[in-house]
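For what it's worth, the numbering used here labels the leading residue of the sequence shown as 1, then goes sequentially.
Here a beta-carbon is modelled for each residue, glycine too, at the ideal position from N, C-alpha and C.
Right, one structure below, let's go through it.
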Amino acid sequence: MQAPQEDISDFPLEICLKPQPLIGMSGLDVRNNAMHKLIADTFFNNRRIDGIQIQYKLIDNTFSFPTMKPKRNSYEWYVPKGILKRNWMHKHLNCIPAVIAVFYELDWNDTQFNEKTIECASRIQSLRHALEGRTTKITLVLMQTRAPMPSNDDVVATERAATICGQCGLNTKMLFVLPHGDHLQGYAVRLENTFYELSQGYYGSEAKVIKGHREYLNKNTHQYLMVRHQFKMGFLNELKQDIHAAHKHYTHAYNNLLEIRIVDTNANEIRTIAGFVNYKLCRLMFTLNLPRDAISQFKTHTERFKMRLGFAELAFEHYAWLSKQFSTFGDIFDEAVKMGLPAVQTQHPGLYYQQAVHYANLRKKSCYELCNSIESYPSNDPLAGLKTVEFYGQRPWRPGKVTSEPPDPQIESNGIEALQYLEKHVNHSNIIIGLYGLAVTQFKTYKCPRTRRHLVVQMADEYFVSGDYGKALTLLTHMLLDYRTECWWSILSHIVERALICAHLIASIEDFVVLSLELLGRNAKITYEKKKTVYENLVRILSRQTPIKDALLQIDSKPQWEKALSADLNLRLDMTNITTCIDCKCRFLQNKYQADDKVQVEVYVRNECEFPMNFSSIGITVKHFNDSSNYFVQGGDFFFKTGIVKRFIVEFTPQLADINNEISIVAVDLHLGEMGKLVLQFTGTGNKCSIPMELKFFRKEHKGFEFDNVYPSLNSTIVPRNSKLKLSFTHAEPALLGEWYEITIHMRNEERQKVSNMQFEIGLVDDEGIDSTEFSRQADRSAEKLPIAFHHDERAPSFTLCMRAHKIGDRNIYIRATFVLDGIVPSLTETTLQISVVKPFEIATRYLTGMFEDAAKLYADEEFVAMPVINCLSPWPIIIEDTKLEYDPNVRCVDADTECQIAGHELKNGESVAEMYLATTAKRSDVPIAIGQYTVEWRRLNGPATTSRTQLAGPPIDWIPLELRLNVPSHGLVRTPMLIEYHLFNKSSCLVQIDVNIESGEAFMFAGFKQFRVSILPSAKKVLTYNLYPLIAGSVCLPKLVLSLPESEGPALRQEQLNALLQRSLPTHIFVMPQKKGNPTIPKIMNSVVC
């Protein structure tokens, strides 16, 4: 019976895995207990890249540990049967835990504490018995419902912990408590650190036990054991996470292995173990950041074992092993690069994948040479028990035999024959293609394009050999562009020829035609006979006949061709960047054409094929402004002999939408086959790749007509015809911001033909002002969306357009008129009108106090004057129709009957006009406030009214707790008493004390307190009354009131605030009239308030 086959060079999983300490978890019923499952998931899922690497394993009652071998006291008569046992690494990775944690639910205050303690001790004793003397460390983890108290504070817990440790035979350091509450993750991390420390001690002690056997070994009979023990110590130190010690022991193991004499019977075993140890060494060196040492070790390793074939009949095994060595080193090199190791073009993983491909090809070649004669598998199955062989690298038909024993020739022959039979059925192409893919990826990453292309071509060859012709064709066609660009004609010809065979085998008409045309070109380096065959097959396909089969092809693709040719053949083949036997160029005869001219395009076609070519039609594809159109050559001879160049003219009329736009030739279409259903699309620029790089900037001497001297010109502009329809404008520039600006457009027809179907389009040349500009042709001035398109009666000589701009600046307006002359010829005229938009006026606002002085700051609850000043900027006179101030909610109007004070005023450029509004505000603000929106309704002379709105921004608002007013007559009389009153208001909630002082002057005598202190209660008023007696006439200075704060006054009022209050609230002068002659009567004192 045939043994199940796996690749003979594969590494076992235990070697490739990164060893992690094994921690057993007993006592968790994850299927039936949700809390147990949560605890287990907490440990299993706590896997951080930068954290401790631990492997957990659930151990139930049915789990059986490996049987422990009896200890050997002496190795004197012991002869090892192999180097490394298959089950040893698996046993320590998955079966023998370094630490077993027994989980048990037990609280310190449990009423059944004693009974549960006995049950827990029984479980631990059963576990010790199952381990049979192994040094695995056992710990007890008590799952409790509440967090533990400090050990010194909880006497009961301390006593019961000692009790349970005594019952279970555990050290108190092996007892842990795990509360399954809110902080389970934190407790689990602490437990995990403890488990890790215990496991390190276990693996360290195991390594010491093995190290103690060294004194019983000698190099003559125990060479295998010396390699085995060093490997085991290296592996155990890996489990211990001691990488340096592991590296040292693996190095000793490798050196001891090299001392073993290699013969045919042990070559495979030594080679296998050497591969394992080398893998471990290189991986650890990369981990220790010793990449140079890893590369040096690997090169030395492969050089040392490269020529040690073993049995010549099994040479493919050796090449498979070498291929695996290189690919595996490439894997660990790539893994190191992903972890941050820098690599360069001269040393990167792709080089090793490439070598792996080389040896995989040697393996395949060796298989073909050695295994072709093997037709059947041996009847006695010499490979039976292949997976149960005790030692790595040994043959199943002679397991455990020492090298001194001669092998049975017949059994050896059967075993070799079985291996050859299995190797014969290995899909080598899949292995090689996979390695090619890895190498290509690396060479692409490290920017080695030529090597990458070379490997892709080799991969395509391997696909071809494996019979996957579709993928081979895809890879080859992808590489053709690069080789065309660099003009590698010999390589290119080989690739195209192989791709043509692939297209032939899969019956791909499109690829077959394109590749055939390329092979028929002058740059193809193939023989005339091959070109003739290609030409004949191309003609047969164009005639819907199957191509002639190549004698070297073993596969008959005739059915596929019959099916492909029976379908509707309607193909458009893009010939861009393809160097074919057909070369074509095209050009516009002019750079510009008028709208009513015929556009002429020259098309040049050259046949570089050694055989004649015949086309059914030739045309071009032109891209217009709105769409693309096809135009064909009318009445031409499309039969081309070898080397013939023909010139054709294509004429067409431009579309109306092409005016002022560019048209371009996007393709030259050459129609082949019956009814021209196979179209070759060229760019019209010629075969650029056919020009050598050295001659790229040279031109041939012009001798008559030369194809190479034709310079392609694929773009041309359609300009308007010289229209005689004249457009003129009437308007009063500049336009004023916000007004509907009228523009009258006049038309004057100087054409000889009749104008009809006149269409206008009006818009802005650029998009900068499109959001701030409106146009209208309606009487109600409703805005229309740009661009405005409308039909105009050609009998009307003019029409009016209105524009309104909301931002200043220039507006470039285009007016485009399209019309038809004499009902046939489309025409267009276009002109641009530039209009400047300026402000009609500027509004500057002044803010005044009650004394009509400029105020940099206003005060809450004090009246102020807002005075908007309109400065005319318009070059045209404007008339103010009306004004209005809409106050902000925080501002209150004092005089509700205020009307527009400047209505009807006419302003000219440079003139100004102003009006006043009396207002107050009650809210303090540290930033400038909004007074309100000031609306001005204005118009030009004999123009429509326009409304402009401006937001008035005021100064900041301050607040002081004191308000001051003065009641004084409007005038006085010399030597006639007059009464004045100072009103002080306390607006705060605190008592205000002020020192009052009246400074006398030469103009008045006065009666009243000159210096005293005033106390004003909260929200109260204090009136100071003085009787003045004027002495002189004229505008005289009033006695000065001085207010100051006593030292005991709080911070609610400051002296500078008082000074500012006096300055803005009190008049400084009063007009005193001279006394009448005679005996004057004392007039009644009139109290009026001057603000």
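With DSSP run on the structure shown, which of helix, strand or coil describes Trp938? strand
Name, in chain order, the residues that DSSP records as bridge partners for Gly932. Tyr887, Leu952
Residue range of the beta strand (DSSP E) that includes Phe775: 773 to 776
Ile23 burial status per 10 Å Cβ neighbour count (16 or more: buried): buried
Going straight from the alpha carbon of Ala98 to that of Ser199, what length do you get? 5 Å
Just to confirm before moving on: does the CB-CB distance between Ser323 and Ala356 stay below 8 Å? yes
Helix, strand or coil at Phe639 according to DSSP, with G and I counted as helix: It is a strand residue.
From the DSSP secondary-structure annotation, give me the bridge partner or partners of Gln347. According to DSSP, Gln347 bridges with Val344.
Close beta carbons around His746, own chain, < 8 Å, minus the five adjacent residues each side: Leu727, Ser728, Phe729, Thr730, Pro797, Ser798
Please name the residue in Thr328, Gln125, Tyr368, Ile124 whose C-alpha comes closest to that of Leu13. Thr328
Ile332 versus Cys609 - alpha carbon distance: 53 Å
Would Thr883 and Glu915 qualify as a contact pair, given that the criterion is a beta-carbon distance under 8 Å? yes
Suppose you measure from the CA of Glu906 to the CA of Pro944; what does that come to, to the nearest Å? Pairing Glu906 with Pro944, the inter-Cα distance amounts to about 15 Å.
Taking Asp861 as the reference, which of Ile870, Gly850, Val869, Asn1027 has the closest Cα? Gly850
Exposed unless 16 or more other CB atoms sit within 10 angstroms - verdict on Met68: exposed
Nearest-angstrom Cα distance between Ile374 and Phe443? 39 Å
What residue range is occupied by the uninterrupted beta strand (DSSP E) comprising Pro179? 175 to 179
Which same chain residues, not among the five before or five after Gly204, have their C-beta less than 7 Å away from its C-beta? In its chain, beyond the 5 residues on either side, Lys240 have a beta carbon closer than 7 Å to the beta carbon of Gly204.
List the whole-angstrom C-beta distance separating Thr898 from Leu858, where the pair is believed to meet the contact cut-off of C-beta under 8 Å. Thr898 to Leu858, Cβ: 18 Å. No contact.
Does DSSP classify Ala789 as helix, strand or coil? In the structure shown, Ala789 sits in a strand (DSSP, three-state: E or B).
Which residue's Cα is closest to the Cα of Gly673: Cys16, Ile762, Arg544? Arg544
For a test of the three-state rule: what should DSSP assign to Val668, helix, strand or coil? strand
Which runs of the beta strand (DSSP E) spanning at least 3 residues fall entirely within the region 160 to 236, listed in chain order? 175 to 179
Using three-state DSSP, classify Thr921 as helix, strand or coil. strand
Taking 7 Å as the limit between beta carbons, can you name the residues of its chain near Ser782, skipping five residues before and five after? Around Ser782, the same chain offers Ser776 as residues with beta carbons nearer than 7 Å, after the five sequence neighbours per side are excluded.
Within 10 angstroms of its Cβ, does Cys990 collect 16 or more other Cβ (buried), or is it exposed? exposed
Alpha carbon to alpha carbon, how far is Leu573 from Ser466? 29 Å
Grab me the residues of Lys116's own chain with a C-beta within less than 6 Å of its C-beta, minus the 5 sequence neighbours each way, in chain order. Leu106
Identify the residues that DSSP records as bridge partners of His1069: which are they? Answer is Cys1037, bridged to His1069.
Close Cβ partners of Glu417 (< 7 Å) along its chain, the five nearest in sequence each way excluded: Here Glu417 has Ile374, Pro378 as same chain residues with Cβ atoms under 7 Å from its own Cβ, once five neighbours each way along the sequence are excluded.
Span of the beta strand (DSSP E) around Cys872: 864 to 872
Could you tell me which residues DSSP pairs with Asn372 in its beta bridges? For Asn372, which the question treats as bridged, DSSP gives no partner whatsoever.
What residue does the alpha helix (DSSP H) around Leu500 start on, and which one ends it? 489 to 506
Excluding the 5 residues preceding and the 5 following Asn661 in the sequence, name in chain order all residues of the same chain whose CB lies nearer than 7 Å to its CB. Phe625, Ile718
Less than 8 Å separating the beta-carbons of Cys584 and Val605? yes
Boundaries (first-last residue) of the alpha helix (DSSP H) holding Lys248: 243 to 258
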